[in-house]
């Protein structure tokens, strides 16, 4: 669907598009191109180029006929795109990494928050820039929340994505599974408590079981860096102001959730959290009619909504003398 977030507004505003899918997963983009042709899109309006970003991607970004670049991916690649695009002052929209928070206040509906929050980080095997991988829980309900969260995590079905009962499938590659494992191993070596680590069989896919990390410090790499896998860290907080400082200490600011029955507090906290998309008593991040994008190193520009269409147009002022 992220491909369509970019493709639809670009085509609707009269542009032709060169689409470069992620190297590990090109087939869905190729099939999408076939379907657009069958639907009547004129030949040449959408072209697919597959291959490595270091060669194909950079060629597209630097080509003189390319005037706008829209990218979803890592912050490091987004930074490289900005550097290349700056040479010709090209317009760039970036939706990059995240380390999103879930904030649980003591007055929240804990049963709902604890049963819904796991899939806010473990869905798509954690390969989601909006994953709520840092969970802040008010201390007075910390133990109860963790108990409920862990129970809900144990109930998640990990397996073949083709099976309708499956909730979490494998990671995209061996390289990604190795990276995720390195984060967890490092946390173990630091004495952090690892929960829900019963890994499924790995002989037919790059599976990684949903993993909960407790007792971590805010300086730990597993707390600060985007893991891009099914790993969540949960920490208690006592003071709202201090909690907000820790939330905003992240270089990312894409998404997040606030769980409380106090709407005034929810809106106050939402105003303070440096994220582009927030939900209250929900894990929702995406609504096609509303703008989507992040603050800080999570990117610039917006996908979805009217803001997305504006990103593929130019304003022109024509003055006619009377």
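Residue numbers (my numbering): 20 to 341. We put the beta carbon where it would ideally sit given N, CA and C, even for glycine. As the structure is a computational prediction, the values presented were derived from the model and not from experiment.
Bridge partners of residue i, per DSSP?
i	result
residue 153	120, 252
residue 175	In DSSP, residue 175 forms no bridge with anything.
residue 65	36
residue 278	123
residue 298	276
residue 334	Note: residue 334 sits in no beta bridge, so no partner.
residue 231	214, 251
Under three-state DSSP, which class holds residue i?
i	result
residue 318	strand
residue 167	helix
residue 141	helix
residue 114	strand
residue 98	helix
residue 226	coil
residue 202	helix
residue 324	helix
residue 247	coil
residue 158	helix
residue 208	helix
residue 80	helix
residue 286	helix
residue 60	coil
residue 213	strand
Give the single residue among the options whose Cα lies nearest to the Cα of residue i.
i	options	result
residue 157	103, 92, 254, 289	254
residue 422	315, 296, 309	Not covered by the structure: residue 422. The range shown for the chain is 20 to 341.
residue 148	326, 327, 307, 21	21
residue 87	93, 135, 30, 198	30
residue 197	226, 183, 181, 169	226
residue 248	264, 231, 260, 262	231
residue 168	181, 178, 183, 152	152
residue 94	115, 81, 102	115
residue 145	102, 199, 96	199
residue 250	289, 233, 264, 32	233
residue 245	55, 92, 193, 49	92
residue 192	223, 165, 207, 166	223
residue 12	117, 291, 58, 271	Given a span of 20 to 341 for the chain in the structure shown, any question on residue 12 remains unanswerable.
residue 85	34, 299, 314, 208	34
residue 66	50, 81, 73	50
residue 299	209, 107, 120, 32	120
residue 117	269, 184, 340	269
residue 143	96, 178, 206, 56	178
residue 105	82, 195, 124	82
residue 283	53, 241, 124, 97	124
residue 96	194, 318, 161, 243	318
residue 203	182, 241, 62, 163	241
residue 79	302, 239, 166, 99	99
Can you tell me where the beta strand (DSSP E) holding residue i begins and where it ends?
i	result
residue 87	87 to 91
residue 36	36 to 38
Counting only the same chain and skipping the five closest in sequence on each side, list residues whose C-beta sits under 6 Å from that of residue i.
i	result
residue 127	278, 279
residue 112	89, 320, 330
residue 28	327, 328, 331
residue 421	With the chain represented from 20 up to 341, any question about residue 421 goes unanswered, as that position is not in the structure.
residue 180	188
residue 288	277
Quick one: what's got a C-beta closer than 8 Å to residue i's C-beta in the same chain, skipping five residues either side?
i	result
residue 75	39, 68, 69
residue 175	137, 138, 141, 186, 187, 229
residue 71	42
residue 256	155, 156, 157, 158, 262, 265
residue 215	169, 172, 173, 228, 229, 230, 231
If you follow the alpha helix (DSSP H) that residue i is part of, which residue opens it and which one closes it?
i	result
residue 192	First-last for residue 192: undefined, no H or E at that position.
residue 22	21 to 31
residue 47	46 to 57
residue 134	129 to 135
residue 266	259 to 267
Taking 7 Å as the limit between beta carbons, can you name the residues of its chain near residue i, skipping five residues before and five after?
i	result
residue 171	133, 134, 137
residue 322	24, 25, 114, 311, 312
residue 77	103
residue 314	272, 293, 294, 295
residue 32	328, 331, 332
Under 7 Å from any heavy atom of the ligand GDP, does the C-beta of residue i make it?
i	result
residue 94	Absence of the ligand GDP from the depicted structure is noted, as is the absence of any ligand whatsoever, leaving it without description.
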